[in-house]
Amino acid sequence: MLKRILVTGGAGFIGTNFVYKTAGSGFEIVVLDKLTYAGGKDNLDPLINSGKIKFAQGDICDADFVKTSMDGVDAVVHFAAESHNTRSETDPDLFYRTNVKGTQCMLEEAFKAGVKKFIHISTDEVYGSIADGYFSEEDKLLGDSQATSAYSKSKSQADDLAMEFGRNYPVVVLRPTNNFGPWQYPEKALPRWISNILLGSKIPLWGEGQQVRDWLYAPLTSECILFLLENGVNGNAYNVAANHDPEITNRTAAEWICRLLDADPEKWIEFIPDPRPNHDFRYALNVEKITKLGFKPVIDPYNQFKITADWYKENRSWWKKRKEEAESIYK
Ligand SMILES: NC(=O)c1ccc[n+]([C@@H]2O[C@H](COP(=O)([O-])OP(=O)(O)OC[C@H]3O[C@@H](n4cnc5c(N)ncnc54)[C@H](O)[C@@H]3O)[C@@H](O)[C@H]2O)c1
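Quick note on numbering: the sequence shown equals residues 88 to 418 in my numbering.
See below:
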């Protein structure tokens, strides 16, 4: 039984969703987070103040701090990262430091301390874009040649490190597609669009909005991680995706957001020149491996978009204090 779980980046978007799903279900949760612009201790305060989880502020690149945090830890779920593609264009070194060096530090200290399971959260972006068909786990090449941004390149190198450790230690790598849901920082597409409309601004849709993302509801990613803590085979990477049929273009996603917020898409969507014209067009993953292992998430995208839009409607103060900083990167 893996009792004490160290969650890095647990104050970020997916981390917070994971901590809420896990706390109180028999696990002792310790969150390690540097609290960058993307980390919100306010997300976790109800759990911290009621003694349901423990929280330690610090840097995954600080070996002494990480070593101290490993005390009594059975498993690590490693989310902490710089996660935004647009920001990675202006500060690639920060992305390399956090995502590659930080992951290395976490892996080294975890196994010096005898941790029994390490779940590394990678991304579908390590494979790059695919015009047709789906990437399987073995399609990832060593190095970062398939990745197209400083973010995805750093994640690709981190994925390699985790897989390398997985030859000798109990490491499982998860490669999820684009997540959405509550607590996502409003720099990212869906919360940016929702909060824009709630503030009376239009949705800026890049290019013709024909890009395809595989939208995966963050609570499902959290379920998947819990599943892998128990069932993931060491040394393996697993894709997880929603595999929507039909696929959801960015234009469709924006139209759904409009509809959910009673806004006419004709008036509220503004097509703008793509600020990252060569960015990946379509992500698509084959999920046969994790399905065979027994993980079958409930995919219900329109309803999960609705729950997300409702959350932002009900939690205005959460995103309002983040909105100005989030928008500043697009100026
Ligand atoms: N959001 C997505 O759509 C998505 C999809 C696939 C994979 N992922 C991966 O999932 C993980 C979590 O993504 P997210 O969207 O929740 O990210 P996020 O940006 O919302 O949260 C990242 C968290 O990491 C913390 N952090 C950053 N640098 C740190 C450091 N040096 N030391 C300690 N903590 C640090 C931040 O404070 C923040 O709490 C990342 O590894 C990301 O690459 C995300």
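Ideal Cβ positions, reconstructed from N, Cα and C, are used throughout, including at glycine.
Bear in mind the structure is a predicted one, so any value in this text is a computation, not a measurement.
Quick check: is any heavy atom of ligand 1 less than 6 Å from the C-beta of residue i?
{"i": "proline 263", "result": "yes"}
{"i": "isoleucine 147", "result": "yes"}
{"i": "glycine 215", "result": "no"}
{"i": "alanine 329", "result": "no"}
{"i": "serine 236", "result": "no"}
{"i": "threonine 395", "result": "no"}
{"i": "leucine 122", "result": "yes"}
{"i": "isoleucine 101", "result": "yes"}
{"i": "alanine 167", "result": "yes"}
{"i": "serine 170", "result": "yes"}
{"i": "glycine 189", "result": "yes"}
{"i": "glycine 253", "result": "no"}
{"i": "threonine 173", "result": "no"}
{"i": "asparagine 402", "result": "no"}
{"i": "asparagine 266", "result": "yes"}
{"i": "threonine 210", "result": "yes"}
{"i": "glycine 294", "result": "no"}
Could you pull out every residue in the same chain whose Cβ sits closer than 7 Å to the Cβ of residue i, ignoring the five residues on either side in sequence?
{"i": "methionine 193", "result": "Thr95, Ile147, Val153, Val163 and His165"}
{"i": "leucine 89", "result": "Asp161, Ala162, Lys203, Lys204 and Leu316"}
{"i": "leucine 181", "result": "Glu169"}
{"i": "valine 374", "result": "Asn326, Val327, Ala328 and Asn330"}
{"i": "serine 282", "result": "Pro273, Tyr399, Trp406 and Lys410"}
Could you tell me if residue i is buried or exposed, where buried requires 16 or more neighbouring beta carbons within 10 angstroms of its beta carbon?
{"i": "asparagine 136", "result": "exposed"}
{"i": "alanine 329", "result": "buried"}
{"i": "arginine 403", "result": "exposed"}
{"i": "threonine 264", "result": "buried"}
{"i": "tyrosine 107", "result": "buried"}
{"i": "glutamate 427", "result": "No answer is possible for residue 427: the residues shown for the chain start at 88 and end at 418."}
{"i": "isoleucine 359", "result": "exposed"}
{"i": "threonine 177", "result": "exposed"}
{"i": "aspartate 132", "result": "exposed"}
{"i": "isoleucine 416", "result": "exposed"}
{"i": "asparagine 389", "result": "Per the sequence shown, the amino acid found at residue 389 is tyrosine instead of asparagine. That one is exposed."}
{"i": "arginine 174", "result": "buried"}
{"i": "aspartate 301", "result": "buried"}
{"i": "glycine 138", "result": "exposed"}
{"i": "arginine 262", "result": "buried"}
{"i": "aspartate 158", "result": "exposed"}
Go through its chain and collect everything with a Cβ distance to residue i's Cβ below 6 Å, but skip five positions before and after it.
{"i": "tryptophan 398", "result": "Pro269"}
{"i": "glutamine 433", "result": "In the structure as shown, the chain begins at 88 and stops at 418. Residue 433 is therefore absent and cannot be evaluated."}
{"i": "glycine 126", "result": "Ala98, Gly99 and Asp120"}
{"i": "leucine 286", "result": "none"}
Who does residue i pair with in a DSSP beta bridge?
{"i": "lysine 408", "result": "In DSSP, lysine 408 forms no bridge with anything."}
{"i": "asparagine 323", "result": "Val259"}
{"i": "isoleucine 140", "result": "Ile116"}
{"i": "tryptophan 293", "result": "Ile359"}
{"i": "asparagine 266", "result": "Leu303"}
{"i": "alanine 110", "result": "Phe114"}
{"i": "isoleucine 92", "result": "Ile116 and Ala162"}
{"i": "leucine 372", "result": "Phe222"}
{"i": "threonine 336", "result": "Val299"}
Quick one: what's got a C-beta closer than 8 Å to residue i's C-beta in the same chain, skipping five residues either side?
{"i": "threonine 123", "result": "Glu169"}
{"i": "glutamate 295", "result": "Arg338 and Phe358"}
{"i": "glycine 220", "result": "Ala371"}
{"i": "isoleucine 92", "result": "Thr109, Phe114, Glu115, Ile116, Val117, Val160, Asp161, Ala162, Val163, Val164 and Leu316"}
{"i": "arginine 254", "result": "Gly322"}
Closer than 7 Å, CB to CB, is residue i near chain B or not?
{"i": "aspartate 332", "result": "Absent here is chain B; the protein component of the structure consists of one chain."}
Inset, instruction - Return the chain-ordered ranges of every alpha helix (DSSP H) run that is complete within the stretch 169-227 and spans a minimum of 4 residues. - result: 172-177, 179-182 and 189-199
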